[in-house]
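*Asks:* First to last, the sequence lines map onto chains A and B.
Each residue of the first sequence is one higher than the one before, counting from 1 in the working numbering.
Each residue of the second sequence is one higher than the one before, counting from 201 in the working numbering.
The C-beta atom is built at its ideal place from N, Cα and C for all residues, glycine as well.
Dropping a structure here in C-alpha cells format, bear with me for questions.
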Amino acid sequence: MNEITLNIDGQEVKAKKRMTLLEAAESIGIEIPTLCHHKDLMPYGACRLCTVEIEKGQRSRLVASCVYPVENGLTVKTESERVIKGRKLILEFLWARVPDAEILCKYGEKYGIDKNKFDVAMTACILCGLCVRYCAEVKKKNAIGYNNRGAERSVMFFPEIASKECHDCGECFAICPTGVLPSNYAVDRVSHFDWPTIHF
Amino acid sequence: MPRLDSLKTFESFRQDLVAGRDPQKTYITICSGTGCHALHSDKVSQAFEQALEKNGLSGKVGIRRTGCHGFCERGAIVSIFPRDVCYLKVKPDDVPEIVSKTLLENQIVDRLLYEDDNGQKVMHEKDIPFYKSQNSIILGNNRYVDPQNIDDYIALGGYSALAKAFFQMNPELVLEEVKKSKLRGRGGGGFPAGTKWETTRNAPGDIKYVIVNADEGDPGAYMDRSLLEGNPHCVLEGLIIGAYAIGSNQGYVYVRQEYPIAVENLSVALEQARQYGFLGKNILGSGFDFDVAVHCGAGAFVSGESSALMTAIEGRVGEPRSKYIRTAVSGLWEKPSNLNNVETWATVPLIISKGADWFCSIGTEGSKGTKIFSLVGKVKNTGLVEVPMGVTLRKVIYDIGGGIPGGKKFKAVQTGGPSGGFIPEQLLDLPIDFDELTKVGSMMGSGGMIVMDEDTCTVDTARFFLNFLSEESCGKCTPCREGIFQMRKILNRICEGEGKEEDIALLEEIAEVVKDFALCALGGSAPYPVLSAIRYFRDEYEAHIHEKRCPAGVCKALISYYIDPEKCQACSICLKNCPSQAITGGKKVAHVIDQGKCAKCGVCLEVCPSKFGAVTKHSGAPQALTTGR
C-alpha cells in the first residue's frame, strides 16, 4: 500500500509513502512558510517555521512539517492558534538578528509581527544553513560550515577548502535569503584565507 | 586466563574463585570514587600499603580500591571487612593509627566513626542514617568490587544473569522479562526500556547497535560516572544481555572525555571481559557474538541527546535531528540502534537474575525500581543516594541528606539537571516518580537533585541554568538558540534591576513557544527552570521588577551594605579589608560605605566582629549615606 490518505486543513489529501507533510500540503496548494527548506536539499528541520499541529486520536502535538512523514488518518492543521503564536515569535526572534530582511518582511506582514519586541542584536544571518548544505550536498565541497554553538553560532568559510574552491563558484550567494553571504565570504577571505607570502 | 567457553567452565571457575577466597580475611576497602579521589584517597591507599608492609601485614590483609560509596560529604571513606567498620574523613595521617589499633589490636578508632545527632558513634556503614533509608541495589555493590578486577565482580555473582539469559532463557524471554519489569529509561525521558528494545529488535535490518549513553553532562550530577568508574562490569553485563535480546552484535559506549577514570576502568573491564570470553565470538559457547567499542565525547552537553550522540559516534558534529523516525528504527549509520543510559543498563542484570516480579515490588505504579540521585547544594550530606521510586523528596533531603546546614530554611529543590524545574517547600511530600515530578513542572531527568536554601535567588539561579543551556545549545534550531538567548537577556536585566513590567509575561510567552517548537529535548525542557520559578516564586520576580529588591540578597545590583553608626566601634577592620577602598572613617569616627565605590563583595559583613554586628545587608532602595558620629 503506497498511497496514504490524510487530512490537511479540512481537505482530504492522497500522498505517497515517504512524502513529508510539507510536500503533501504543497501538493494541494497549501503554502506553509519555511526558511531552511529547499527542494534540492535534504530536509533539515531547523528553522521550525514550518511547524504544524497534528492530531492522532485524542492527542495533538506540534511537528516540523518539512521532516514529518505522512501517516494514514492524520489530521493536520497548518495554521492553528498555537502554530501561529510560535511562528510569530520565531519571526520576531529572527527580526532582531536581521531587521528588514526581505523574507522576514514577507512572512512578518502575514503574521503581524511586532518588530520592536526584541532589541536588535544584529548578525545579518538567520542560520537557515542553506549555504552550508548546498555546498555539502550539491557541490560536495564542504567549504562552508558552522562556527561555535548556541547563540554564538555563525556560518564561516573554512579557509583550507574555501581558498581553493570558492573563487570561481559563488553559487551559494544566490541561495542566501538575507544576502549576507557575499560579504561574509569577503571578510573570511581577507582575514582567514592563507595567501602566499609576497616577498619584495 | 583461558577463555570461559561454556556454562560449565564458567560455573566451575566461579566456584573455585569463591572457594579460594577466605571470607574471614581482613580487607581494607578504600573508596576511590570521584569525591574521595578529590579528597586524596589515593594517598590514603598508599599510606595503607606502607603501613601494612611496615607491620608485616602485607600478605595477610588485602587492600581494595573501590568505586564511589555515595557519602561523598565525609570522604575519604575506608571500610574494614569482615568486621564492617566504617571510618569517615580518613586522611593519610590517620592510617598508622587505624593499622595499629584496628588491625593489630582489634580496637575501634572512635574519632573516625560517624557520630549521630545524639552523640552516638556508629560503627557499620549500613547503620549510618545516610545509608539506612536507602535501598542500594545497584550502587551498593560498588563497595565490594575493585573495578579493575573482574574476579571481584564474578565472585559477587557477576555475569550469572548473562549466563541465565543465555542458557535458561532465549532472546524473546529476556525481552519479555524486561518489558514485564516496566523498567523506564534512567537517562531523562523515562521511556519504557522494553518497548524500545522491542522496536529495535523488530526493526528491519540485519545490523543493529546497542549503545550506552555515558555523556552525563548535568552540572553537579555524577551517578553514571560513579557506576561506570566503580562497577563497569555490571553496565557491560546489562549491555550484553540487551544485545542478546535485541539481536545486536556490536555495542558502543559513548563516554565523556572528562571522565578519565571511567574511561580507564571501562577499557580495563572490556579487555578483561574479552579475555574471559564474555565478549567476542561465541560468548560462553552460546554461539552469540558481541563486542563493544568505546567512543570518547568531545565535551558537548547536547551530545547526550540520542540522535546527536549517534551523529557524534559517526564522526560528525553532535547535533540532534528530528526523531519522527525513531533511532530505534534508524539511528547510528541509519541502522536500528537501541540507546540506554548507564543506570538503565546497570539495572538489567538484576532484573534478569532476580526477576521482573521482584523488580516490580519496588517503586510506584508508574515507576518501578530504584533511582540514584546526586544530592548536592545546600544540604548537609551531599553525595550519591539510591532510593526506591515513590520515596518523598522530604525523606531524601531531610532523612538522608540531613536537612539544610547552618540553620537555614529550605527554599526549593531542583530535580532533573539544568533544565529541571524548581520544586517549593509545599511540595516536599511529593513522591519521587517520573510522572509526579512532571506534573509539578519538573522532571526526573537523569537524577540531579540540587537543594537550595533561603539565601538562593530563583531569578539568579534560573539565569545561571539558562546561561549553561545557552552555551550548550547546539544552535541548530531557532526556538532553542534565539529563545534561550532572549530569555537570558530578560533574566539578566531583571537581576540588574532593569526588569520591565511586561517581562514576566514575555518570559512565559517565550518559554511556551521554546518548549513546543524546539527540535530536541534540550530546547524542549530548557524553559522549565524559568517556568517553574515563575509558577512557585512569582513574588520574587515581582520584587525584583517592581521594588528593585532581591529578597534573598543575591543579585548584586539590588543589594547594598550599610554600617550602623550606632553600633560601629570604629575598629577599622572593615576599612582595611575592603578591596574597593569604599569605606571611610577613622579613630573614633564611625565608618561609612561609599555606595558608589562599593563592589558588593560582602567582605565588610564577614569581617565585622559579631559582638558589634554593625554591618548589615539590605535589598531595595540603597540606604541613605550617613555621616559619622
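For the stretch 572-587 of chain B and the stretch 293-305 of chain B, state whether three or more C-beta atom pairs, one from each stretch, are separated by less than 8 Å.
*Replies:* Short answer: they don't touch.
*Asks:* Are the stretch 428-444 of chain B and the stretch 349-368 of chain B touching, with three or more C-beta to C-beta distances below 8 Å?
*Replies:* These segments touch.
*Asks:* When the cut-off is 8 Å and only beta carbons count, does T178(A) lie next to chain B?
*Replies:* False, the Cβ-Cβ gap to chain B never drops below 8 Å.
*Asks:* I want to verify the contact list: residues of chain A whose CB lies under 8 Å from the CB of R681(B), in sequence order.
*Replies:* Neighbours of R681(B) on chain A, chain order: L127, G150, A151, R153.
*Asks:* Can you check which of these residues, G262(B), Y762(B), D406(B), G683(B), is closest to G447(B) by C-alpha distance?
*Replies:* Ranking the options by Cα distance to G447(B), first place goes to D406(B).
*Asks:* What residue from L130(A), A24(A), H167(A), R97(A) has the CA that sits closest to S65(A)'s CA?
*Replies:* Answer by Cα proximity: A24(A).
*Asks:* Run down chain A in chain order and give the residues with a C-beta less than 9 Å from the C-beta of S725(B).
*Replies:* Neighbours of S725(B) on chain A: none; closest Cβ ~15 Å, over 9 Å.
*Asks:* Residue ranges of each beta strand (DSSP E) run of no fewer than 3 residues wholly in the stretch 377-461 of chain B, ordered along the chain?
*Replies:* As far as the stretch 377-461 of chain B is concerned, its whole beta strand (DSSP E) runs of at least 3 residues are 409-414, 450-456.
*Asks:* Are the CB atoms of M649(B) and T661(B) nearer to each other than 8 Å?
*Replies:* Taking 8 Å as the Cβ cut-off, M649(B) and T661(B) do not qualify as a contacting pair.
*Asks:* What separation, rounded to the nearest whole angstrom, lies between the Cα atoms of Q11(A) and T5(A)?
*Replies:* So the alpha carbons of these two residues sit roughly 10 Å apart.
*Asks:* Mind listing which residues of the stretch 50-69 of chain A have their C-beta closer than 7 Å to chain B's C-betas, in chain order?
*Replies:* Residues T51, L62, V63, A64, V67, Y68, P69.
*Asks:* Reducing DSSP to helix, strand and coil, say where P69(A) ends up.
*Replies:* Strand at P69(A).
*Asks:* Between F213(B) and M589(B), what straight-line distance do the alpha-carbon atoms span, to the nearest angstrom?
*Replies:* Cα to Cα, F213(B) sits roughly 37 Å from M589(B).
*Asks:* Below 8 Å, how does it come out for the stretch 730-747 of chain B and the stretch 632-651 of chain B: are there three or more Cβ pairs, yes or no?
*Replies:* Touching, per the Cβ criterion.
*Asks:* Short of 7 Å in beta carbon distance, which residues of its chain neighbour T17(A), apart from the five on each side in sequence? Order them along the chain.
*Replies:* It should be pointed out that residue 17(A) corresponds to Lys in this sequence rather than to Thr. Correct list, in chain order: N2, I4.
*Asks:* Would you verify that the beta carbon of R18(A) is, or is not, closer than 8 Å to some beta carbon of chain B?
*Replies:* Taking Cβ atoms only, chain B never reaches closer than 8 Å to R18(A), which makes this a no.
*Asks:* Output the distance between the C-alpha atoms of R829(B) and C755(B), rounded to the nearest integer angstrom.
*Replies:* Caution applies to R829(B), whose pLDDT of 36 falls short of 50 and renders its modelled position unreliable; the model cannot decide the point.
*Asks:* When the Cα of G831(B) is compared with those of V548(B), R516(B), G417(B), which residue comes out closest?
*Replies:* The structure shown does not extend to residue 831(B), since chain B spans only 201 to 829, so no value can be given for it.
*Asks:* Measuring straight from C-alpha to C-alpha, what distance separates H818(B) and S760(B)?
*Replies:* Distance between the alpha carbons of H818(B) and S760(B): 5 Å.
*Asks:* Going straight from the alpha carbon of K554(B) to that of E297(B), what length do you get?
*Replies:* Roughly 42 Å between the two C-alpha positions.
*Asks:* Which residues of the stretch 646-679 of chain B have a Cβ closer than 9 Å to any Cβ of chain A? Give them in chain order.
*Replies:* Going along the stretch 646-679 of chain B in chain order, one finds L669, S670, E671, E672, S673, C674, G675, K676, C677, T678, P679 with a Cβ nearer than 9 Å to chain A.
*Asks:* Which parts of the stretch 86-149 of chain A are runs of the beta strand (DSSP E), unbroken and 3 residues or longer, counting only runs that do not cross its ends?
*Replies:* Whole beta strand (DSSP E) segments, 3+ residues: 144-147.
*Asks:* Please list, in chain order, the residues of the stretch 90-124 of chain A that have any C-beta partner in chain B closer than 7 Å.
*Replies:* If the cut-off is 7 Å between Cβ atoms, the stretch 90-124 of chain A has I90, F93, L94, F118 near chain B.
*Asks:* Can you check whether the C-beta of C47(A) is within less than 8 Å of a C-beta belonging to chain B?
*Replies:* By this cut-off, C47(A) is an interface position.
*Asks:* In the DSSP assignment, find the unbroken beta strand (DSSP E) run with L550(B) in it and report its ends.
*Replies:* Run containing L550(B): none in the beta strand (DSSP E); it sits in the alpha helix (DSSP H), 542-554.
*Asks:* Just the chain B side, please: which residues come within less than 8 Å of R82(A) by C-beta, in chain order?
*Replies:* The answer, in chain order, is D716.
*Asks:* Could you have a look at E31(A) and say whether DSSP puts it in helix, strand or coil?
*Replies:* Coil, per DSSP.
*Asks:* Out of Y331(B), V591(B), V290(B), M369(B), which has the shortest C-alpha to C-alpha gap to I562(B)?
*Replies:* Per the Cα distances, V591(B).
*Asks:* Output needed for I28(A): all residues of its chain with C-beta closer than 8 Å, excluding positions within five of it in sequence on either side, in chain order.
*Replies:* Within the same chain, I28(A) has close Cβ partners I8, Q11, V13.
*Asks:* I think S567(B) touches S725(B), with their Cβ atoms under 8 Å apart; what is that distance to the nearest whole Å?
*Replies:* At roughly 18 Å, the Cβ-Cβ gap does not stay under 8 Å, so S567(B) and S725(B) are not in contact.
*Asks:* Return yes when the Cβ of V730(B) is within less than 8 Å of the Cβ of L666(B), no when it is not.
*Replies:* Contact: yes.
*Asks:* Applying the criterion that 16 or more other CB atoms from any shown protein chain within 10 Å of the CB defines a buried residue, is S245(B) buried or exposed?
*Replies:* Buried.
*Asks:* Would you mind listing the alpha helix (DSSP H) stretches within the stretch 761-799 of chain B that are 4+ residues and don't spill past its ends, in chain order?
*Replies:* You should have 773-777.
*Asks:* So which of L470(B), I440(B), D491(B) has the shortest CA-CA distance to G480(B)?
*Replies:* For the residues L470(B), I440(B), D491(B), the minimum Cα distance to G480(B) belongs to D491(B).
*Asks:* Compute the beta-carbon to beta-carbon distance between G275(B) and C231(B), rounded to the nearest angstrom, for a pair I have assumed lies under 8 Å.
*Replies:* About 6 Å separates the two Cβ atoms, so the contact holds.
*Asks:* Give the secondary structure of E151(B) by DSSP, where H, G and I count as helix, E and B as strand, and everything else as coil.
*Replies:* Because chain B spans 201 through 829 in this model, residue 151(B) falls outside it and cannot be assessed.
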